[in-house]
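Taken in order, the sequence shown gives residues 62 to 485; the numbers are from our numbering.
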Amino acid sequence: MTGTPTRTPDPVERQPDRSARTGESYDVGGVRLERPFKIRRLGHFGYNCVDLDAMLDFYVEGLGLIISDQSGTMPSRLPAEEQANLTPNERLLHFTRFGSEHHQLVFISQRVWDWVGQANGSAGASINQVTWQVGSLAEVVDGAEWIWGRGERLLRSGRDMPGSNWHTYLFDPEGHINELFYGMEQIGWDGLSKPRPMWTGVLNERPSLPQPSEASEIAGARDAGVDILSGHRAGTTAPAGFPVDGVLMERPFKIVGIGPVSLFVTDLDEARRFYTRVLGFEVRRTLEWNGHRGVLLSCGTDHHNLALYEASLRDALGLDPRADSLALGFRLANYRQLRAAVAHMVARGAEEIHIPGELVPGFDYVAHLRDPDGNLVQLYYYQRQCAPDDPFPATVSGAADGWPELIDPPGDVFGGQQFLGPWE
Ligand SMILES: [Fe+2]
């Protein structure tokens with residue numbers, strides 16, 4: 062684990078990329094912003110997997126992610142001779158979660174993606190997607206149009222099942238696939254995902270607005286005779302034997318958060334331009350280690366949600382040549398559980414990798430484990446939070462007749478806890 066009892070100061074450089082300001086303004090829910098969307102948080106992430114069986118064992122059996130659905134739709138598009146070479150797990154996409162969102166980490170066979178990705182140039186990528194939540198369906202649709210209008214490369218827009226989220230996919234300058242989404246299906250106390258007869262809303266084009274609400278879709282399925290309780294239900298795989306802060310659990314920790322994401326890039330300045338000027342991230346910090354540069358970016362109050370590192374760092378750290386990312390972060394519920402998670406994973410065979418602390422500021426204690434495909438998992442329990450320097454007095458009266466229709470944004474607008482799923 063990286064961390065010492067004597068903490069070194071970690072002054073945050075708040076560096077809003079003022080040079081990025083376009084002079085344009087858009088009404089985003091009554092707030093005047095520079096683009097017609099605001100990324101709120103990382104929603105999910107996808108890996109293309111070489112050893113899918115071992116990856117599922119590591120993340121599901123080891124780290125405790127829960128399978129919310131498995132779908133054979135994409136693998137079934139491969140030619141029959143290609144499908145014949147796939148293992149049973151490779152014939153499925155595996156959607157997993159640790160909380161209520163339908164999927165937070167997705168596993169896809171590298172062989173399946175290499176065939177699918179031939180059409181868009183993403184074959185060979187180890188990352189399938191980096192997926193950011195925006196605030197509404199309108200932000201997805203208007204955002205896609207705005208991004209396209211700036212000459213960036215979109216992949217597709219629409220809605221996918223399972224998960225039900227509306228989205229647009231786009232490429233960053235390095236070819237990493239980003240996704241903006243709204244309205245991820247939420248899985249409740251019964252652990253049931255939506256049944257397959259409700260996977261009918263797939264859309265492969267820009268949706269017209271407005272669309273029906275989640276509640277009306279569910280009512281429609283009921284009226285059509287769909288057994289809405291027939292979806293996939295997660296089952297436990299092991300007896301609950303660990304007392305964890307007052308609860309008997311299957312393992313001595315609980316993952317409660319995903320991110321930050323870190324990407325290797327060949328042109329750091331161009332990647333920084335894309336993530337700040339196009340997607341609207343703020344630069345929180347720049348860093349350099351042994352001649353390799355990095356930029357840490359945030360979309361909210363977390364120290365950072367995205368880290369960009371020069372790709373030369375991959376070899377310098379001895380990481381797997383196929384890794385497109387330095388690491389994917391997961392937050393444990395507390396410090397004790399962080400220690401327990403590292404010990405648990407090492408005991409079942411995971412290798413801990415030392416990453417210099419200078420490369421991963423924003424944490425106090427952080428550990429990195431190598432997964433079976435050579436990606437790093439970044440485990441921590443807490444990330445520094447960054448409040449804006451500009452306190453705004455609250456406007457507490459005059460709503461009925463005096464508040465403006467469109468307001469200028471406070472520095473941390475739309476930050477903090479987000480409502481996760483679709484509106485009802
Ligand atoms: Fe996605």
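For glycine and all other residues, C-beta sits at the position ideal for the given N, C-alpha and C. None of the values given here were measured: they were computed from a predicted structure.
query	result
Arginine 512 and tyrosine 370: beta carbons closer than 9 Å?	Any question about residue 512 goes unanswered here, given that the chain covers just 62 to 485.
Hey, which residues come within less than 6 Å of ligand 1, measuring from Cβ to any heavy atom, in chain order?	His105, Gln190, Thr192, Glu240
Where in the segment 429-471 do unbroken runs of the beta strand (DSSP E), each at least 3 residues long, occur, reported from the N-terminal end onward?	437-441
Helix, strand or coil for proline 258, going by three-state DSSP, please let me know.	helix
Taking one C-beta from the segment 234-246 and one from the segment 87-106 each time, how about it: are there three or more such pairs within less than 8 Å?	yes
Leucine 357: which of Arg445, Val173, Trp209, Arg217 sits nearest, CA to CA?	Arg445
Can you tell me the Cα-Cα spacing of arginine 217 and leucine 309, whole angstroms?	44 Å
Could you pull the start and end residues of the beta strand (DSSP E) that isoleucine 169 belongs to?	166-170
Would you say leucine 378 and tyrosine 336 are within 9 Å of each other, going by their C-beta atoms?	no
Hey, could you find the ends of the beta strand (DSSP E) tyrosine 487 is sitting in?	Nothing can be reported for residue 487, as the shown portion of the chain is limited to 62 through 485.
Along the chain, where does the beta strand (DSSP E) that runs through leucine 358 open and close?	353-359
How about arginine 392 and valine 317: do their beta carbons lie closer than 9 Å?	yes
Can you tell me whether DSSP reads asparagine 146 as helix, strand or coil?	coil
Excluding sequence positions up to five away, which residues of its chain have a Cβ less than 8 Å from the Cβ of glycine 204?	Arg96, Pro97, Phe98, Val195, Thr229, Leu241
Rounding to the nearest angstrom, what Cα-Cα distance links glycine 252 and glutamate 162 in this structure?	11 Å
Between the alpha carbons of leucine 387 and valine 305, how many angstroms are there, rounded?	30 Å
Can you give me the start and stop residues for the beta strand (DSSP E) that glutamate 343 sits inside?	343-350
Report the residue from Arg158, Arg172, Phe159, Val287 whose alpha carbon sits nearest the alpha carbon of proline 149.	Arg172
Taking three-plus beta-carbon pairs below 8 Å as touching, is the segment 219-233 in contact with the segment 84-93?	no
Do alanine 428 and valine 403 have their C-beta atoms within less than 9 Å of each other?	yes
Taking the Cβ atom as the reference point for each residue, do aspartate 385 and aspartate 434 lie within a distance shorter than 9 Å?	no
Judging by CA-CA distance, which residue of Glu246, Ser458, Arg334, Gln439 is the nearest neighbour of proline 483?	Glu246
Would you identify the three-state DSSP class for leucine 103, choosing helix, strand or coil?	strand
Going along the chain, which unbroken runs of the alpha helix (DSSP H) with 4 or more residues stay wholly within the segment 316-340?	329-334
Please list the segments of the beta strand (DSSP E) lying wholly inside the segment 90-140, counting only runs of 3 or more residues, in order along the chain.	92-94, 102-110, 127-132
Based on the DSSP secondary-structure assignment, which residues constitute the bridge partners of isoleucine 188?	Tyr108
Can you tell me which of the three DSSP states glycine 84 falls into?	coil
Glycine 281 to proline 273, Cα distance in whole Å?	10 Å
Determine the burial state of serine 187: buried for a count of at least 16 other Cβ atoms within 10 Å of its Cβ, exposed for fewer.	buried
Where do the ends of the beta strand (DSSP E) carrying arginine 220 lie?	215-220
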